[in-house]
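Chemist:
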Amino acid sequence: MPYVLIEIERVFLWFLLYSFVGWVWETVLNIFTKKRFVDRGMLNGPICPIYGFGAVIVIFALRDEHQWLAVFLSSGVLACTLEYLTSWSIEKMFHVRFWDYSNKPFNINGRVYLNGFIAFGLGATLVKELVQPHVEDVIDLIPPVVLTVVSAVLLVILLADLAVTIAGLRSLHNRLGTIETDIKRWKSKEIAKADVHITNADDRAQEISADLHKRLSYQQRRLINAYSTMRTQHAPHVLEDIRSFLPGNKAGGNK
Numbered sequence: 000m001p002y003v004l005i006e007i008e009r010v011f012l013w014f015l016l017y018s019f020v021g022w023v024w025e026t027v028l029n030i031f032t033k034k035r036f037v038d039r040g041m042l043n044g045p046i047c048p049i050y051g052f053g054a055v056i057v058i059f060a061l062r063d064e065h066q067w068l069a070v071f072l073s074s075g076v077l078a079c080t081l082e083y084l085t086s087w088s089i090e091k092m093f094h095v096r097f098w099d100y101s102n103k104p105f106n107i108n109g110r111v112y113l114n115g116f117i118a119f120g121l122g123a124t125l126v127k128e129l130v131q132p133h134v135e136d137v138i139d140l141i142p143p144v145v146l147t148v149v150s151a152v153l154l155v156i157l158l159a160d161l162a163v164t165i166a167g168l169r170s171l172h173n174r175l176g177t178i179e180t181d182i183k184r185w186k187s188k189e190i191a192k193a194d195v196h197i198t199n200a201d202d203r204a205q206e207i208s209a210d211l212h213k214r215l216s217y218q219q220r221r222l223i224n225a226y227s228t229m230r231t232q233h234a235p236h237v238l239e240d241i242r243s244f245l246p247g248n249k250a251g252g253n254k
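Take the sequence shown: its position 52, counting from 1, is numbered 51 in numbering that gives the first Met the number 0, and each next residue is one higher.
Right, dumping it as C-alpha cells:
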C-alpha cells in the first residue's frame, strides 16, 4: 500500500480524534457554565472540526519546535487565525455569524479574543508536546488494511454529514426571512388584541412553536439554541424571537 496514502489516513484519524476532543471540551464546558447539556458541534456528529484542523496545523507547522513558550505563542496565533478565517468564511457563505465576541475584552472584530488565544495556545501546546506522540504510537499499531477501511468509512460518514449541514445552513438563511415576517405579523396581532387572556396567549405561543418545528429542521433548531450570539445579516433580531418560542431556549455560550 502506498506510503503517502497511509500517512494521509493517519492524519485523517488525528483530525477526527482532536475534532471529537474539541466537541467533548465544548460540551463539558457548557455543562459547567450553563448547567445543561448543549451539543456545540456545527455538524450532526460529535465533532468540532475547527479543533481538528487547528491541532493538525499546529502539529505540522511546529513539528521542529519544542520550546514550550514558543509553541504556546505560535499555537495561539495559528488557532486565532484559523478561528477568524472560519468565522469570516461561514458568514460570507451562509450569511450567518455563529459566534460574536464583541462584548469581550481584547477582541478583533468580534471573531477572536484574548481568552481564546490563551486557551487554544495552552491546549495546543499540551496536545503537541504530551498527547500527540502517544497518539502516533497507537495509530501506528493499526494494520494498514484496517486503517484504510476505517478511514474510508469515517470519511463517507463525514462527507454525508457535511453535505446535510451545508444544505441546512443554506436553507436557514432563506427561511429566516419569511419567519421574521410571520413573527412580526403574529406579534402585531397579539398587540392589537388588548383583551387577550393569558391562556390564549400561551396557546398561541404553542402554535407558533409547533409551526417553527415544522419549518426548521432539527439541526437548524439545535444550532440556533446552541449558539446564543448567532446572528444573521438580514434578520438580526429573528433568532432571538425564534429562541423565545422554542423549548430549551437558554442558549449556549459564544462558540
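A virtual CB, placed ideally from N, CA and C, is assigned to each residue, including glycine.
Going residue by residue through the segment 32-116, where are the continuous alpha helix (DSSP H) segments of at least 4 residues, counting only ones entirely within it?
Modeler: Counting whole runs of 4 or more residues, the segment 32-116 contains the alpha helix (DSSP H) stretches 48-60, 67-93.
Chemist: What is the C-beta distance between T231 and V95, in whole angstroms, given that I count them as a contact (C-beta under 8 angstroms)?
Modeler: Indeed, because the Cβ distance is near 5 angstroms, the residues count as touching under 8 angstroms.
Chemist: With which residues is R230 paired in a DSSP beta bridge?
Modeler: According to DSSP, which records beta bridges pairwise, R230 is partnered with R96.
Chemist: When the distance is taken between beta carbons, is S101 closer than 8 angstroms to Y50?
Modeler: Not in contact: Y50 and S101 (Cβ atoms no closer than 8 angstroms).
Chemist: With a cut-off of 8 angstroms, do at least 3 Cβ pairs link the segment 42-56 to the segment 16-34?
Modeler: In short, these stretches touch, since the Cβ pair count reaches three.
Chemist: My guess is that I89 and F97 are in contact by the Cβ rule of under 8 angstroms, so how many angstroms apart are they, rounded?
Modeler: With a Cβ gap of about 6 angstroms, I89 and F97 count as contacting.
Chemist: Output needed for S86: all residues of its chain with C-beta closer than 6 angstroms, excluding positions within five of it in sequence on either side, in chain order.
Modeler: Contacts found: R110.
Chemist: Give the DSSP-derived three-state secondary structure of L215 in the structure shown.
Modeler: Coil at L215, not helix or strand.
Chemist: Using alpha carbons as the reference points, say which of I56, I178, T26 lies closest to P45.
Modeler: With distances taken between Cα atoms, P45 lies closest to T26.
Chemist: On the CB-based measure, 16 or more other CB atoms within 10 Å of its CB, does G75 come out buried or exposed?
Modeler: Under this definition G75 is a buried residue.
Chemist: Since H172 and F93 are thought to touch, with beta carbons under 8 angstroms apart, how far apart are those beta carbons, to the nearest angstrom?
Modeler: Indeed they touch by this definition, with Cβ atoms about 6 angstroms apart.
Chemist: For a test of the three-state rule: what should DSSP assign to P255, helix, strand or coil?
Modeler: For the chain, the structure presents residues 0 to 254; residue 255 sits outside this window and is missing.
Chemist: Tell me the DSSP secondary structure of P1 in three-state form.
Modeler: Coil, per DSSP.
Chemist: Could you check where the alpha helix (DSSP H) with I141 kicks off and where it finishes?
Modeler: Segment: none, I141 is in no alpha helix (DSSP H) and carries neither H nor E.
Chemist: Can you find the residues in the same chain that come closer than 6 angstroms, C-beta to C-beta, to I56, ignoring five residues on each side of it along the sequence?
Modeler: These residues qualify, in order along the chain: L77.
Chemist: Are L146 and I5 touching if we call contact CB-CB under 8 angstroms?
Modeler: In this structure, I5 lies closer than 8 angstroms to L146 by Cβ.
Chemist: Count the other CB atoms within 10 Å of the CB of Q255; is the residue buried (16 or more) or exposed (fewer)?
Modeler: Residue 255 cannot be examined here, being either before or after the span of the chain that is shown, 0 to 254.
Chemist: Tell whether a beta-carbon distance below 8 angstroms holds between R214 and R174.
Modeler: Their beta carbons are under 8 angstroms apart, which means R214 touches R174 by this criterion.
Chemist: Near E280, what residues of its chain come up, given a Cβ to Cβ distance below 8 angstroms and the 5 sequence neighbours on each side ignored?
Modeler: Because the chain is modelled from 0 through 254, residue 280 falls outside the range shown and cannot be assessed.
Chemist: For a test of the three-state rule: what should DSSP assign to H172, helix, strand or coil?
Modeler: Note: H172 maps to helix in three-state DSSP.
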